[in-house]
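Chemist: Can you read through this structure? Questions will come right after.
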Amino acid sequence: MTERITSRKNPLLEHIRKLDGAAYRRRTGAFLCDSPKLVDEALRHGVTVECVVAAEGTAFPEGLPGTVRRVTVPGDVMHSISPLPTPQGVLAVCALPALTAPDTLPAGRYVVLDGVQDPGNVGTVIRTADAFGCDGVMLLAGCADPYSVKTLRSSMGAVFRLPVWCTDVETLHVRLRDAGLPLYGAA
């Protein structure tokens, strides 16, 4: 069943607007996918999609589980909830995955970013790490949030295909040492 919401003051729509902030995302355990491609990628890679909002006249993604809340809104309301200047007509509220690095890292190749503040650059590195078959990405202090709308868009869905963890230097050092993984740096 599909709901229709027209009020910009609806609690769901206010929640969606607030998902543009990292602190709110962490507190609520949710993030926002803002494009049909990102929603499709999230669904394809097992991300828990809680709700999909589509502008009137825009189709919902194929393969959307029946348990997912479906909402249609007028175009002007879509513009009011999308953090992007030109919304693509479909967005989804998804469950935020755990960002804590695992206790042990399996052997493999990982990319570590330290202090990369630009969300577009973080997303591009995640996308590149995915293209090169890396096993994960670790973000140290000062990096842009991997689940901000800008990072997600620049990752082109790669953030759903490989693990991304936020950690500190001490934890990173212990995980790499215990796994016998060397660390190479570049600036």
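Numbering (the numbering used here), first residue to last: 679 to 865. Positions of the beta carbon are idealized from the N, C-alpha and C atoms, including for glycine.
Cβ of L777 within 8 Å of Cβ of R853?
Modeler: Between L777 and R853, the CB-CB gap reaches or exceeds 8 Å.
Chemist: Span of the alpha helix (DSSP H) holding L854?
Modeler: Secondary structure note for L854: its alpha helix (DSSP H) is the uninterrupted segment 847–857.
Chemist: Going by DSSP, what residue range makes up the beta strand (DSSP E) through A870?
Modeler: The shown model of the chain, from 679 to 865, leaves out residue 870, and the question about it has no answer.
Chemist: Can you name, in chain order, every residue of its own chain whose Cβ lies under 7 Å from the Cβ of A732, other than the five neighbours on each side?
Modeler: F738, T750, G767, V768
Chemist: Based on the DSSP output, what are the partners of A773 in its beta bridges?
Modeler: A708
Chemist: Do A779 and T829 count as a contact pair if the criterion is CB distance below 8 Å?
Modeler: no
Chemist: Is the stretch 751–766 in contact with the stretch 786–797, if contact means three or more CB pairs nearer than 8 Å?
Modeler: no
Chemist: Taking only runs that begin and end inside the stretch 708–765, name each unbroken alpha helix (DSSP H) of 4 or more residues, in chain order.
Modeler: 714–722, 753–759
Chemist: Between the C-alpha atoms of V727 and T806, what's the straight-line distance to the nearest angstrom?
Modeler: 25 Å
Chemist: Rounded to a whole number of angstroms, what is the C-alpha to C-alpha distance between L840 and T684?
Modeler: For the pair L840 and T684, the Cα-to-Cα distance works out to about 37 Å.
Chemist: Between which two residues does the beta strand (DSSP E) carrying R831 extend?
Modeler: No beta strand (DSSP E) contains R831, which is instead part of the alpha helix (DSSP H) from 827–833.
Chemist: I need the straight-line Cα distance from R704 to I694, nearest angstrom please.
Modeler: 14 Å
Chemist: Going by the CB atoms, is the gap between Y788 and F709 shorter than 8 Å?
Modeler: no
Chemist: Skipping 5 residues on each side, what residues in its chain have a beta carbon closer than 7 Å to that of C772?
Modeler: Sequence-distant Cβ neighbours of C772 in its own chain, meaning closer than 7 Å and more than five residues away, are A708, F709, C711, A720, V725, T726, V727, E728.
Chemist: Looking at the unbroken beta strand (DSSP E) that takes in E837, where does it start and where does it end?
Modeler: The question names Glu, but residue 837 in the sequence shown is Val. Unbroken run through V837 is the alpha helix (DSSP H), 836–839; no beta strand (DSSP E).
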